[in-house]
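Peer 1:
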Amino acid sequence: MASTFSSTPKLGVNFALRTTDPTHGLGTPVLGDKNDTWVYVQASEAVATGTCTVDSNFALTDTAGNYTADTAFASGDYGWVRKTTSPL
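Laid out in structure tokens, this is it:
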């Protein structure tokens, strides 16, 4: 089960919230209350829930990858995804 709350002392973190304006810097990492890592990204396309890819500019795509979107994104939305696997 994924985290509900951030354990990193940072205000305004809501892992399920999607916005059209940024509320944090792209690439901002936080640690969740279940010891999982979350990263703030912007969707470059619509992204369904499930595995996804984050590139070096923190752009999110719906391609299966090392992150998981627990809440869907519309194209252009900002929000949080969690790191789910490590690259080899």
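Counting from 1 along the sequence shown, just add 81 to a position and that's the residue number in the numbering used here.
Built from N, CA and C at the ideal position, the CB exists for glycine as well.
Since we're looking at a predicted model, the values are computed, not measured.
(1) Taking the alpha carbon of A145 as the point to measure from, which residue in Y121, T132, D117 has its own alpha carbon closest?
(2) With the cut-off set at 9 Å, would you say K88 and G108 are in Cβ contact?
(3) From which residue to which residue does the beta strand (DSSP E) around R163 run?
(4) Express the C-alpha separation of L92 and S125 in angstroms, rounding to a whole number.
(5) Identify the continuous beta strand (DSSP E) that holds G131 and give its terminal residues.
Peer 2: Let me lay it out:
(1) T132
(2) One point to set straight first is that residue 88 is Ser, not Lys, in the sequence displayed. It is not a contact, given that the beta carbons lie outside the stated cut-off.
(3) 159-164
(4) 25 Å
(5) 131-135
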